[in-house]
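Take a look at the structure below.
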Amino acid sequence: MPPCVPWTIAYAMMGWYSRRQGHAGQPFAPMYAYSQVQLRNGFLDSGSYPVEVYLIAQSQGVPRLADYRPQRNFDWWTQPTLLQRHKAFPHRTTGARFLYATWPTGPGPGSRRAISSALASGHPVALSFASFPGFMSLDGPKASFGLADATGQALGGHEALVVGYDSYGVRIQNSWGTRWGDAGYARLSWDFVAAHSFDASVMEGFVDRQVQVDSVSPRSGPASAATTVTARGRGFSRRPIMVFAGGRWTFARVVDASTLLVLIPPGVAGTSLHVQVLAGGFGSSPTATDLFTYQGLRPRQRAP
Numbered sequence: 004m005p006p007c008v009p010w011t012i013a014y015a016m017m018g019w020y021s022r023r024q025g026h027a028g029q030p031f032a033p034m035y036a037y038s039q040v041q042l043r044n045g046f047l048d049s050g051s052y053p054v055e056v057y058l059i060a061q062s063q064g065v066p067r068l069a070d071y072r073p074q075r076n077f078d079w080w081t082q083p084t085l086l087q088r089h090k091a092f093p094h095r096t097t098g099a100r101f102l103y104a105t106w107p108t109g110p111g112p113g114s115r116r117a118i119s120s121a122l123a124s125g126h127p128v129a130l131s132f133a134s135f136p137g138f139m140s141l142d143g144p145k146a147s148f149g150l151a152d153a154t155g156q157a158l159g160g161h162e163a164l165v166v167g168y169d170s171y172g173v174r175i176q177n178s179w180g181t182r183w184g185d186a187g188y189a190r191l192s193w194d195f196v197a198a199h200s201f202d203a204s205v206m207e208g209f210v211d212r213q214v215q216v217d218s219v220s221p222r223s224g225p226a227s228a229a230t231t232v233t234a235r236g237r238g239f240s241r242r243p244i245m246v247f248a249g250g251r252w253t254f255a256r257v258v259d260a261s262t263l264l265v266l267i268p269p270g271v272a273g274t275s276l277h278v279q280v281l282a283g284g285f286g287s288s289p290t291a292t293d294l295f296t297y298q299g300l301r302p303r304q305r306a307p
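Numbering-wise (this note's numbering), the sequence shown opens with residue 4 and increments by one.
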């Protein structure tokens, strides 16, 4: 599994906001951020700090996991390609806000109010805390970990996403898969959080979609020849402007701030591509409204 900090922020938290804000893209690729942190840290596979991942998500965005090939979830040394960086850009997030940062001590009872207020306001919380041996082996539908369970020597820092709370404590989503805890979730008591967490942070979600493609017309055309389509949306007057069809740069002419004429190159019959615009540093997100589909007979597969 990916390291806990990029998983919590770039996968779980961004995925939550993707569903909440209707921002297409999730699941996102946590290794996109972690590989760049490791480049700066000498490839020691030494973990990461939340602020490092937040800065990448804010300045660059994070690509969809489907677009982060071949690295996917396991390659932390290969750096992102230019195409992957382009695909990350529409998925940039807002800056982070730390509810508290008290390392090496715990935050005390004030952590309960800070975390519960953030959750009540609709913001999941990235929580960093000390991991103990008993936490590693949590299992079952009532998986929980309290202050009395924090025995033995701490194994190091860990981060998980807080998605709920009650009088006992918080409910976390962890990065260790569905075989851990309650199908990947568990509860931490408030007294454990007060004693052994050391930072908690939130963000507001994705940046406003200042450039967006709302429609393309026609929505289909022959696979054997180029097709000129009219793309309508917003933000097209910003400079510089580039248009991509299926992730590849193509020719386009700006008609006005909401209209583009885009040349769709020949392609493969039966397949679809997204028409995306990068204008003035802002990128449109791929949606169902910007799809163009190639018509014609699919090429026959060769016999084995």
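Glycine included, C-beta positions come from ideal geometry on N, C-alpha and C. Please read all numbers here as calculations on a predicted model, not as lab measurements.
Asked	Found
DSSP three-state assignment for G167, whether helix, strand or coil	strand
Residue from L294, Q279 and D293 with nearest C-alpha to S287	Q279
Continuous alpha helix (DSSP H) stretch holding L122: start and end	G113 to A123
According to DSSP, residues forming a beta bridge with V196	The partner list for V196 (beta bridge, DSSP) is empty, contrary to what the question assumes.
Cα-Cα separation between A3 and P269, rounded to whole angstroms	Because the chain in this structure spans residues 4 to 307, residue 3 falls outside the shown range and cannot be described.
Terminal residues of the alpha helix (DSSP H) in which M139 lies	P136 to M139
Cβ pair count under 8 angstroms reaching 3, the region 83-103 against the region 151-170	no
Run of the beta strand (DSSP E) containing S21, from where it starts to where it stops	Not the beta strand (DSSP E): S21 falls in the alpha helix (DSSP H), residues M17 to Q24.
Rounded Cβ spacing between L164 and A15 (contact assumed at less than 8 angstroms)	4 angstroms
Between the CA atoms of A197 and A151 - distance to the nearest angstrom	13 angstroms
Selection from M206, V210, V214 and G236 that minimises the alpha carbon distance to S220	G236
Every unbroken beta strand (DSSP E) inside the region 224-285 [3 residues or more]	230-237, 244-248, 251-253, 255-259, 262-267 and 275-282
C-beta atoms of Q82 and M34 nearer than 7 angstroms	no
Distance between R72 and Y20 (C-alpha atoms, nearest Å)	23 angstroms
Cβ-based burial, D293 [other Cβ within 10 Å; buried from 16]	buried
Close-in-space but distant-in-sequence residues of the same chain around T253 (CB under 8 angstroms, 5 per side omitted)	V246, F247, V265, L266, I267 and P268
Cβ shell of I175 (< 8 angstroms), same chain only, five flanking positions each side left out	L130, A163, L164, V165, V166, Y188, A189, R190 and L191
When D48, T154 and V210 are compared against H26, the one with the closest alpha-carbon	V210
R174 - containing beta strand (DSSP E), residue span	G172 to Q176
Rounded separation between R67 and C7 - CA only	18 angstroms
Nearest-angstrom beta carbon gap, W106 and D202 [assumed within contact, 8 angstroms]	7 angstroms
Selection from R22, D78 and A228 that minimises the alpha carbon distance to F46	D78
Euclidean distance between Cα positions of R22 and W10	17 angstroms
Selection from V54, S134, A117 and W183 that minimises the alpha carbon distance to K145	W183
Option in L42, A13, Y37 and A260 with minimal Cα separation from G28	A13
Short Cβ contact (7 angstroms threshold) for A208 with Q24	A small fix is needed here, since residue 208 is Gly in this sequence, not Ala. Yes.
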